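Remarks on the structure that follows.
Numbering (the numbering used here), first residue to last: 2 to 401.
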(Lines of atoms letter the chains of each structure in order from A and count residues from 1; the text may use other names and numbers.)
(Lines give C-alpha, C1' and ligand atoms only; values in the text may rest on other atoms or scores of the structure.)
Protein backbone atom coordinates (compact mmCIF):
# COMPACT_ATOMS: atom_id res chain seq x y z
CA UNK A 1 0.00 0.00 0.00
CA UNK A 2 1.25 3.54 -0.77
CA UNK A 3 2.42 5.57 2.22
CA UNK A 4 1.77 9.30 2.27
CA UNK A 5 4.38 11.82 3.39
CA UNK A 6 2.51 12.92 6.53
CA UNK A 7 4.94 15.71 7.38
CA UNK A 8 4.64 17.27 3.91
CA UNK A 9 0.84 16.83 3.98
CA UNK A 10 0.60 18.71 7.29
CA UNK A 11 3.04 21.38 6.10
CA UNK A 12 0.91 22.00 3.00
CA UNK A 13 -2.20 22.36 5.16
CA UNK A 14 -0.46 24.81 7.47
CA UNK A 15 1.04 26.78 4.58
CA UNK A 16 -2.39 27.12 2.99
CA UNK A 17 -3.95 28.41 6.22
CA UNK A 18 -1.56 31.39 6.15
CA UNK A 19 -3.39 32.71 3.07
CA UNK A 20 -6.28 34.81 4.37
CA UNK A 21 -5.43 33.95 7.98
CA UNK A 22 -8.06 35.09 10.48
CA UNK A 23 -7.35 34.34 14.16
CA UNK A 24 -6.80 30.53 14.13
CA UNK A 25 -8.92 30.13 10.98
CA UNK A 26 -9.15 31.78 7.56
CA UNK A 27 -11.21 34.31 5.64
CA UNK A 28 -11.17 33.42 1.93
CA UNK A 29 -14.52 34.31 0.30
CA UNK A 30 -14.91 33.05 -3.26
CA UNK A 31 -12.99 35.12 -5.87
CA UNK A 32 -11.52 37.42 -3.20
CA UNK A 33 -7.81 38.27 -3.55
CA UNK A 34 -7.08 35.74 -0.78
CA UNK A 35 -9.07 33.03 -2.56
CA UNK A 36 -7.28 33.64 -5.85
CA UNK A 37 -3.90 33.63 -4.09
CA UNK A 38 -4.76 30.23 -2.62
CA UNK A 39 -5.67 28.93 -6.10
CA UNK A 40 -2.32 30.06 -7.48
CA UNK A 41 -0.59 28.42 -4.48
CA UNK A 42 -2.44 25.18 -5.24
CA UNK A 43 -1.42 25.21 -8.90
CA UNK A 44 2.23 25.38 -7.81
CA UNK A 45 1.76 22.37 -5.49
CA UNK A 46 0.03 20.40 -8.26
CA UNK A 47 2.93 21.06 -10.63
CA UNK A 48 5.46 20.03 -7.96
CA UNK A 49 3.90 16.59 -7.63
CA UNK A 50 3.85 15.98 -11.39
CA UNK A 51 0.30 16.98 -12.29
CA UNK A 52 -0.62 19.35 -15.11
CA UNK A 53 -2.34 22.35 -13.43
CA UNK A 54 -5.00 24.63 -14.90
CA UNK A 55 -7.74 27.02 -13.82
CA UNK A 56 -10.99 27.43 -15.72
CA UNK A 57 -13.53 30.20 -16.21
CA UNK A 58 -15.50 29.50 -13.03
CA UNK A 59 -12.36 29.19 -10.89
CA UNK A 60 -11.97 25.41 -10.73
CA UNK A 61 -8.32 24.47 -10.24
CA UNK A 62 -7.53 21.11 -11.82
CA UNK A 63 -4.40 18.97 -11.68
CA UNK A 64 -4.35 16.31 -14.39
CA UNK A 65 -2.29 13.13 -13.97
CA UNK A 66 -0.02 12.64 -17.00
CA UNK A 67 0.33 8.87 -16.81
CA UNK A 68 -1.91 5.94 -17.70
CA UNK A 69 -5.08 5.03 -15.77
CA UNK A 70 -7.33 3.89 -14.38
CA UNK A 71 -7.60 7.29 -12.68
CA UNK A 72 -9.39 8.61 -9.64
CA UNK A 73 -10.64 12.15 -9.07
CA UNK A 74 -9.88 13.53 -5.59
CA UNK A 75 -10.71 16.96 -4.21
CA UNK A 76 -13.02 19.43 -2.51
CA UNK A 77 -12.84 23.26 -2.25
CA UNK A 78 -10.43 25.85 -0.81
CA UNK A 79 -12.54 29.00 -0.39
CA UNK A 80 -13.97 29.44 3.10
CA UNK A 81 -17.01 30.79 4.82
CA UNK A 82 -16.51 34.31 6.21
CA UNK A 83 -14.08 34.32 9.17
CA UNK A 84 -14.27 30.55 9.35
CA UNK A 85 -12.19 27.38 9.70
CA UNK A 86 -8.92 26.37 8.05
CA UNK A 87 -9.83 22.74 7.27
CA UNK A 88 -13.33 22.83 5.76
CA UNK A 89 -12.76 21.90 2.12
CA UNK A 90 -9.03 22.62 2.11
CA UNK A 91 -8.41 19.26 3.79
CA UNK A 92 -9.86 17.32 0.86
CA UNK A 93 -7.85 19.23 -1.72
CA UNK A 94 -4.52 18.95 0.11
CA UNK A 95 -5.23 15.23 0.72
CA UNK A 96 -5.53 14.87 -3.06
CA UNK A 97 -2.12 16.49 -3.46
CA UNK A 98 -0.72 14.04 -0.89
CA UNK A 99 -2.10 11.08 -2.85
CA UNK A 100 -0.60 12.39 -6.07
CA UNK A 101 2.75 12.89 -4.32
CA UNK A 102 2.57 9.27 -3.11
CA UNK A 103 2.42 8.13 -6.74
CA UNK A 104 -1.27 7.30 -7.05
CA UNK A 105 -2.89 7.97 -10.48
CA UNK A 106 -5.20 10.76 -9.32
CA UNK A 107 -6.50 13.98 -10.78
CA UNK A 108 -6.98 16.66 -8.12
CA UNK A 109 -9.66 19.36 -8.24
CA UNK A 110 -10.52 22.37 -6.07
CA UNK A 111 -14.09 23.24 -7.01
CA UNK A 112 -15.17 26.88 -6.84
CA UNK A 113 -17.74 28.29 -4.41
CA UNK A 114 -18.93 25.18 -2.62
CA UNK A 115 -19.59 27.55 0.28
CA UNK A 116 -22.25 29.44 -1.67
CA UNK A 117 -20.95 33.01 -1.49
CA UNK A 118 -22.81 33.48 -4.77
CA UNK A 119 -26.44 32.64 -5.48
CA UNK A 120 -26.85 29.07 -6.67
CA UNK A 121 -23.89 27.67 -4.75
CA UNK A 122 -21.67 24.74 -5.72
CA UNK A 123 -20.73 26.71 -8.84
CA UNK A 124 -17.57 24.72 -9.58
CA UNK A 125 -18.88 21.18 -9.15
CA UNK A 126 -22.11 22.03 -10.98
CA UNK A 127 -20.15 23.66 -13.79
CA UNK A 128 -17.76 20.74 -14.26
CA UNK A 129 -20.68 18.30 -14.73
CA UNK A 130 -22.46 20.64 -17.15
CA UNK A 131 -25.27 21.80 -14.84
CA UNK A 132 -24.40 25.51 -14.58
CA UNK A 133 -25.79 27.61 -17.45
CA UNK A 134 -24.49 30.92 -18.76
CA UNK A 135 -27.91 32.38 -17.92
CA UNK A 136 -27.52 31.40 -14.25
CA UNK A 137 -24.06 32.98 -14.18
CA UNK A 138 -25.63 36.17 -15.59
CA UNK A 139 -28.28 36.19 -12.83
CA UNK A 140 -26.09 35.25 -9.86
CA UNK A 141 -25.13 37.83 -7.25
CA UNK A 142 -22.91 37.75 -4.18
CA UNK A 143 -24.79 36.94 -0.99
CA UNK A 144 -22.29 39.16 0.86
CA UNK A 145 -22.48 42.45 -1.04
CA UNK A 146 -24.67 41.94 -4.12
CA UNK A 147 -21.79 42.02 -6.62
CA UNK A 148 -22.77 40.35 -9.93
CA UNK A 149 -20.94 37.07 -10.49
CA UNK A 150 -19.76 38.26 -13.92
CA UNK A 151 -18.04 41.25 -12.29
CA UNK A 152 -16.41 39.04 -9.66
CA UNK A 153 -15.08 36.66 -12.33
CA UNK A 154 -13.66 39.58 -14.31
CA UNK A 155 -12.01 41.10 -11.22
CA UNK A 156 -10.46 37.70 -10.47
CA UNK A 157 -8.98 37.48 -13.98
CA UNK A 158 -11.27 34.64 -15.07
CA UNK A 159 -13.43 36.40 -17.67
CA UNK A 160 -13.21 34.75 -21.08
CA UNK A 161 -11.63 31.54 -19.83
CA UNK A 162 -13.47 28.38 -20.92
CA UNK A 163 -15.21 26.26 -18.28
CA UNK A 164 -13.90 22.69 -18.23
CA UNK A 165 -16.05 19.56 -18.23
CA UNK A 166 -15.23 16.14 -16.79
CA UNK A 167 -13.84 13.76 -19.40
CA UNK A 168 -16.32 10.90 -19.85
CA UNK A 169 -14.87 7.54 -18.85
CA UNK A 170 -11.60 8.92 -17.45
CA UNK A 171 -12.29 8.32 -13.75
CA UNK A 172 -13.16 5.15 -11.91
CA UNK A 173 -14.54 7.22 -9.01
CA UNK A 174 -14.32 10.34 -6.85
CA UNK A 175 -13.03 10.50 -3.27
CA UNK A 176 -13.57 13.51 -0.99
CA UNK A 177 -11.99 13.77 2.46
CA UNK A 178 -13.58 16.26 4.85
CA UNK A 179 -13.91 17.20 8.50
CA UNK A 180 -17.06 15.80 10.11
CA UNK A 181 -18.50 19.19 11.18
CA UNK A 182 -20.23 17.42 14.08
CA UNK A 183 -19.50 15.52 17.28
CA UNK A 184 -20.34 11.88 16.48
CA UNK A 185 -16.75 10.69 15.97
CA UNK A 186 -15.23 12.61 18.88
CA UNK A 187 -18.00 11.74 21.35
CA UNK A 188 -17.56 8.03 20.57
CA UNK A 189 -13.72 8.14 20.69
CA UNK A 190 -13.53 7.27 16.97
CA UNK A 191 -10.95 8.57 14.51
CA UNK A 192 -12.38 7.77 11.05
CA UNK A 193 -15.86 8.07 9.53
CA UNK A 194 -16.82 6.28 6.31
CA UNK A 195 -19.69 8.30 4.85
CA UNK A 196 -22.77 6.39 3.68
CA UNK A 197 -24.64 9.23 2.02
CA UNK A 198 -24.89 13.01 1.69
CA UNK A 199 -28.04 14.81 2.71
CA UNK A 200 -30.25 16.79 0.39
CA UNK A 201 -31.16 20.32 1.47
CA UNK A 202 -34.67 21.53 0.67
CA UNK A 203 -34.89 25.29 1.20
CA UNK A 204 -37.97 27.51 1.42
CA UNK A 205 -39.00 31.15 1.61
CA UNK A 206 -42.11 31.76 3.73
CA UNK A 207 -43.62 35.21 3.23
CA UNK A 208 -46.26 36.72 5.56
CA UNK A 209 -48.41 39.73 4.67
CA UNK A 210 -49.85 41.81 7.53
CA UNK A 211 -50.61 45.48 8.11
CA UNK A 212 -47.95 48.00 9.08
CA UNK A 213 -49.30 50.22 11.86
CA UNK A 214 -48.51 52.18 15.01
CA UNK A 215 -47.23 50.12 17.95
CA UNK A 216 -49.09 52.22 20.52
CA UNK A 217 -52.23 53.36 18.77
CA UNK A 218 -53.31 49.99 17.37
CA UNK A 219 -55.04 47.69 19.83
CA UNK A 220 -53.98 44.06 20.09
CA UNK A 221 -57.36 42.96 18.70
CA UNK A 222 -56.95 45.14 15.61
CA UNK A 223 -53.41 44.12 14.74
CA UNK A 224 -52.20 42.15 11.75
CA UNK A 225 -48.68 41.47 13.02
CA UNK A 226 -46.71 39.54 10.38
CA UNK A 227 -43.86 38.89 12.84
CA UNK A 228 -46.09 37.13 15.37
CA UNK A 229 -47.66 34.99 12.62
CA UNK A 230 -44.17 33.94 11.51
CA UNK A 231 -43.07 33.02 15.02
CA UNK A 232 -46.22 30.99 15.68
CA UNK A 233 -45.78 29.01 12.45
CA UNK A 234 -42.14 28.26 13.25
CA UNK A 235 -43.13 27.05 16.72
CA UNK A 236 -45.73 24.74 15.14
CA UNK A 237 -43.12 23.36 12.73
CA UNK A 238 -40.71 22.64 15.57
CA UNK A 239 -43.48 20.81 17.44
CA UNK A 240 -44.68 18.70 14.49
CA UNK A 241 -41.46 17.82 12.62
CA UNK A 242 -40.22 15.35 15.29
CA UNK A 243 -43.30 13.22 14.48
CA UNK A 244 -42.37 12.81 10.79
CA UNK A 245 -38.58 13.26 10.57
CA UNK A 246 -35.80 10.66 10.32
CA UNK A 247 -33.17 9.80 12.91
CA UNK A 248 -30.68 12.37 11.54
CA UNK A 249 -33.06 14.94 10.02
CA UNK A 250 -32.38 18.59 10.79
CA UNK A 251 -34.31 21.80 10.20
CA UNK A 252 -33.14 25.40 10.50
CA UNK A 253 -34.57 28.90 10.33
CA UNK A 254 -31.61 30.74 8.86
CA UNK A 255 -33.14 34.21 8.64
CA UNK A 256 -36.20 36.12 9.80
CA UNK A 257 -36.64 39.61 8.36
CA UNK A 258 -39.39 42.04 9.41
CA UNK A 259 -40.48 45.11 7.49
CA UNK A 260 -39.96 47.92 8.20
CA UNK A 261 -38.01 46.60 11.20
CA UNK A 262 -38.49 49.59 13.52
CA UNK A 263 -39.15 49.34 17.28
CA UNK A 264 -42.43 51.29 17.28
CA UNK A 265 -43.97 49.93 14.09
CA UNK A 266 -46.03 46.73 13.80
CA UNK A 267 -44.35 44.62 11.07
CA UNK A 268 -46.37 44.79 7.88
CA UNK A 269 -44.55 41.84 6.32
CA UNK A 270 -42.15 39.10 7.30
CA UNK A 271 -39.89 36.73 5.39
CA UNK A 272 -38.44 33.50 6.74
CA UNK A 273 -35.66 31.42 5.16
CA UNK A 274 -36.23 27.84 6.28
CA UNK A 275 -34.56 24.54 5.33
CA UNK A 276 -34.61 20.88 6.25
CA UNK A 277 -32.17 18.05 5.47
CA UNK A 278 -32.11 14.27 5.26
CA UNK A 279 -30.55 11.47 3.18
CA UNK A 280 -33.95 9.83 2.51
CA UNK A 281 -36.31 11.21 -0.14
CA UNK A 282 -39.42 9.68 1.53
CA UNK A 283 -38.48 11.44 4.78
CA UNK A 284 -37.95 14.73 2.95
CA UNK A 285 -41.32 14.32 1.26
CA UNK A 286 -43.03 13.69 4.62
CA UNK A 287 -41.43 16.83 6.02
CA UNK A 288 -42.58 18.82 2.97
CA UNK A 289 -46.16 17.53 3.34
CA UNK A 290 -46.12 18.51 7.01
CA UNK A 291 -44.75 21.98 6.21
CA UNK A 292 -47.46 22.57 3.59
CA UNK A 293 -50.17 21.40 6.02
CA UNK A 294 -48.90 23.71 8.75
CA UNK A 295 -48.86 26.69 6.37
CA UNK A 296 -52.42 25.84 5.38
CA UNK A 297 -53.48 25.67 9.04
CA UNK A 298 -51.71 28.98 9.71
CA UNK A 299 -53.67 30.62 6.91
CA UNK A 300 -56.96 29.42 8.43
CA UNK A 301 -56.04 30.69 11.88
CA UNK A 302 -53.95 33.83 11.37
CA UNK A 303 -54.83 37.33 10.15
CA UNK A 304 -51.60 37.42 8.11
CA UNK A 305 -51.61 34.98 5.16
CA UNK A 306 -48.43 33.00 4.48
CA UNK A 307 -47.07 32.08 1.06
CA UNK A 308 -44.66 29.14 0.73
CA UNK A 309 -42.04 29.32 -2.03
CA UNK A 310 -39.50 26.56 -2.66
CA UNK A 311 -36.01 28.00 -3.27
CA UNK A 312 -34.00 24.81 -3.83
CA UNK A 313 -34.53 21.06 -3.87
CA UNK A 314 -31.37 18.95 -4.02
CA UNK A 315 -31.15 15.19 -4.39
CA UNK A 316 -29.45 13.04 -1.73
CA UNK A 317 -26.31 11.20 -2.85
CA UNK A 318 -25.75 7.65 -1.66
CA UNK A 319 -22.05 6.71 -1.57
CA UNK A 320 -20.79 3.96 -3.86
CA UNK A 321 -20.79 0.53 -2.14
CA UNK A 322 -17.46 -0.63 -3.64
CA UNK A 323 -15.73 2.60 -2.66
CA UNK A 324 -17.19 2.41 0.85
CA UNK A 325 -15.93 -1.18 1.12
CA UNK A 326 -12.42 0.00 0.17
CA UNK A 327 -12.62 2.72 2.82
CA UNK A 328 -13.90 0.19 5.39
CA UNK A 329 -10.96 -2.16 4.74
CA UNK A 330 -8.42 0.67 4.82
CA UNK A 331 -9.89 2.11 8.03
CA UNK A 332 -9.80 -1.27 9.73
CA UNK A 333 -6.19 -1.80 8.65
CA UNK A 334 -5.00 1.66 9.74
CA UNK A 335 -7.30 2.29 12.74
CA UNK A 336 -8.72 -1.06 13.89
CA UNK A 337 -11.91 -0.60 15.89
CA UNK A 338 -11.66 3.20 15.76
CA UNK A 339 -13.89 3.85 12.75
CA UNK A 340 -17.57 3.76 11.82
CA UNK A 341 -19.98 4.28 8.96
CA UNK A 342 -22.09 7.45 9.20
CA UNK A 343 -24.17 9.83 7.05
CA UNK A 344 -23.12 13.38 6.22
CA UNK A 345 -25.39 16.07 7.60
CA UNK A 346 -23.83 18.73 5.35
CA UNK A 347 -23.82 19.20 1.60
CA UNK A 348 -20.59 18.60 -0.34
CA UNK A 349 -19.22 18.76 -3.89
CA UNK A 350 -19.31 14.95 -3.91
CA UNK A 351 -23.10 14.96 -4.23
CA UNK A 352 -22.80 16.66 -7.63
CA UNK A 353 -19.82 14.66 -8.87
CA UNK A 354 -21.79 11.52 -7.90
CA UNK A 355 -24.14 12.32 -10.80
CA UNK A 356 -21.30 11.47 -13.21
CA UNK A 357 -19.27 8.76 -11.46
CA UNK A 358 -19.14 6.62 -8.30
CA UNK A 359 -18.29 8.77 -5.27
CA UNK A 360 -17.48 8.30 -1.60
CA UNK A 361 -16.39 10.42 1.35
CA UNK A 362 -14.20 10.06 4.43
CA UNK A 363 -14.58 12.09 7.64
CA UNK A 364 -12.00 13.14 10.22
CA UNK A 365 -13.15 14.14 13.73
CA UNK A 366 -13.91 17.79 14.46
CA UNK A 367 -12.76 19.00 17.88
CA UNK A 368 -15.91 20.01 19.74
CA UNK A 369 -17.87 19.60 16.52
CA UNK A 370 -16.99 23.20 15.60
CA UNK A 371 -17.15 24.22 11.94
CA UNK A 372 -17.89 27.38 9.91
CA UNK A 373 -16.07 29.24 12.72
CA UNK A 374 -12.43 30.26 13.09
CA UNK A 375 -12.02 27.88 16.09
CA UNK A 376 -12.58 24.83 13.85
CA UNK A 377 -9.79 22.27 14.36
CA UNK A 378 -8.73 18.60 14.17
CA UNK A 379 -5.79 16.85 15.80
CA UNK A 380 -2.80 16.55 13.46
CA UNK A 381 -2.50 12.82 14.15
CA UNK A 382 -6.12 12.34 13.04
CA UNK A 383 -5.52 14.37 9.88
CA UNK A 384 -2.49 12.25 8.97
CA UNK A 385 -4.26 8.98 9.83
CA UNK A 386 -7.28 9.74 7.66
CA UNK A 387 -5.11 10.83 4.74
CA UNK A 388 -3.35 7.47 4.94
CA UNK A 389 -6.72 5.69 5.08
CA UNK A 390 -7.74 7.58 1.95
CA UNK A 391 -4.54 6.60 0.12
CA UNK A 392 -4.89 2.95 1.09
CA UNK A 393 -8.57 2.92 0.06
CA UNK A 394 -7.72 4.52 -3.28
CA UNK A 395 -5.16 1.79 -3.99
CA UNK A 396 -7.60 -0.94 -2.98
CA UNK A 397 -10.37 0.46 -5.16
CA UNK A 398 -8.11 0.97 -8.18
CA UNK A 399 -6.81 -2.59 -8.00
CA UNK A 400 -10.21 -4.23 -7.40
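Glycine included, every Cβ here is placed at the ideal spot set by N, Cα and C. Source: prediction; values computed, not measured.
Practice prompt. Would you be able to state if there are at least three C-beta pairs under 8 Å between the stretch 202–218 and the stretch 321–335?
Written response: No, the stretch 321–335 is not in contact with the stretch 202–218.
Discussion item. Cutting at 8 Å between CB atoms, please list the residues of its own chain near residue 161, excluding the five before and the five after it.
Written reply: Take residue 161, set aside five residues on each side of it, and the residues of its chain with a beta-carbon closer than 8 Å to its own are 58, in chain order.
Item to complete: Taking residue 200 and residue 109 to be in contact with their CB atoms under 8 Å, please state how far apart those CB atoms are, rounded to whole angstroms.
Response: Actually they are not in contact, since the Cβ atoms of residue 200 and residue 109 sit about 25 Å apart, beyond 8 Å.
Worksheet entry | Between the CA atoms of residue 93 and residue 316 - distance to the nearest angstrom | Going from the Cα of residue 316 to the Cα of residue 93 covers about 22 Å.
Discussion item. Using only the alpha-carbon positions, how far apart do residue 371 and residue 377 sit?
Written reply: CA-CA distance, residue 371 to residue 377, rounds to 5 Å.
Practice prompt. Just the C-alpha distance for residue 177 and residue 211, rounded to the nearest angstrom, thanks.
Written response: Their Cα atoms are separated by approximately 47 Å.
Discussion item. Need the endpoints of the alpha helix (DSSP H) that residue 138 sits in, please.
Written reply: Residue 138 -> alpha helix (DSSP H) spans 135–140.
Practice prompt. Hey, could you find the ends of the alpha helix (DSSP H) residue 310 is sitting in?
Written response: Looking at the DSSP string, residue 310 is not in any alpha helix (DSSP H); the run it does join, the beta strand (DSSP E), is 307–314.
Item to complete: Give the DSSP-derived three-state secondary structure of residue 6 in the structure shown.
Response: In the structure shown, residue 6 sits in coil (DSSP, three-state: anything other than H, G, I, E or B).
Practice prompt. Starting from the Cα of residue 9, find the closest Cα among 75, 102, 3, 394 and give me that residue.
Written response: The candidate whose alpha carbon is nearest that of residue 9 is 102.
Worksheet item: Going straight from the alpha carbon of residue 150 to that of residue 241, what length do you get?
Response: Each residue's Cα considered, the two are about 39 Å apart.
Discussion item. Could you check whether residue 79 and residue 43 sit closer than 9 Å to each other, using their CB atoms as the reference points?
Written reply: Contact flag set, yes.
Worksheet item: Rounded to the nearest angstrom, how far is the Cβ of residue 246 from that of residue 273, given a contact under 8 Å?
Response: Between residue 246 and residue 273 the beta-carbon gap is near 19 Å, outside 8 Å, which marks them as no contact.
Discussion item. Helix, strand or coil, according to DSSP, for residue 107 in the structure here?
Written reply: It is a strand residue.
Worksheet item: Just the Cα atoms here: how many angstroms apart are residue 304 and residue 234?
Response: Using only the alpha carbons, I get a separation of about 13 Å.
Worksheet item: Taking C-alpha atoms, which residue in 3, 344, 262, 159 lies nearest to residue 60?
Response: Closest option to residue 60, Cα to Cα, is 159.
Practice prompt. May I ask you to report which of helix, strand or coil DSSP gives residue 191?
Written response: Correct three-state label for residue 191: coil.
Worksheet item: Which term fits residue 170, buried or exposed, when burial requires 16 or more other beta carbons within 10 angstroms of its beta carbon?
Response: Classification of residue 170: exposed, given that the 10 Å Cβ count is below 16.
Worksheet item: DSSP on residue 353, reduced to helix/strand/coil?
Response: Residue 353 falls in the helix class under three-state DSSP.
Discussion item. Using CA atoms only, rank isn't needed, just tell me which of 2, 74, 367 is closest to residue 191.
Written reply: Checked all of 2, 74, 367; the closest Cα to residue 191 is 367.
Worksheet item: Whose C-beta lies closer than 8 Å to the C-beta of residue 29 among residues of the same chain, with five residues either side of it excluded?
Response: Only 20, 21, 35, 36, 39, 79, 80, 81 meet the Cβ criterion.
Discussion item. Considering Cα atoms alone, identify which of 11, 112, 194, 119 is closest to residue 325.
Written reply: For residue 325, the closest of 11, 112, 194, 119 by C-alpha to C-alpha distance is 194.
Discussion item. Quick check on residue 25: does DSSP put it in helix, strand or coil?
Written reply: Residue state, collapsed to three classes: coil.
Discussion item. Taking 9 Å as the threshold (C-beta atoms), are residue 175 and residue 269 in contact?
Written reply: Their beta carbons are not under 9 Å apart, which means residue 269 does not touch residue 175 by this criterion.
Item to complete: Starting from residue 207, follow the beta strand (DSSP E) in both directions and report where the run begins and ends.
Response: DSSP places residue 207 inside the beta strand (DSSP E), whose first and last residues are 201–210.
Fill in: Close beta carbons around residue 14, own chain, < 6 Å, minus the five adjacent residues each side
These residues qualify, in order along the chain: 95.
Practice prompt. Alpha carbon to alpha carbon, how far is residue 266 from residue 89? Give it in angstroms, no decimals.
Written response: The straight-line gap from Cα to Cα measures roughly 42 Å.
Fill in: Cutoff 6 Å; reference residue 388; Cβ partners in own chain excluding five residues on either side
Counting only Cβ-Cβ distances below 6 Å, and skipping sequence neighbours, we find 5, 10, 96, 99.
Discussion item. For residue 257 and residue 230, I'd like the C-alpha separation in whole angstroms.
Written reply: C-alpha of residue 257 to C-alpha of residue 230: approximately 12 Å in a straight line.
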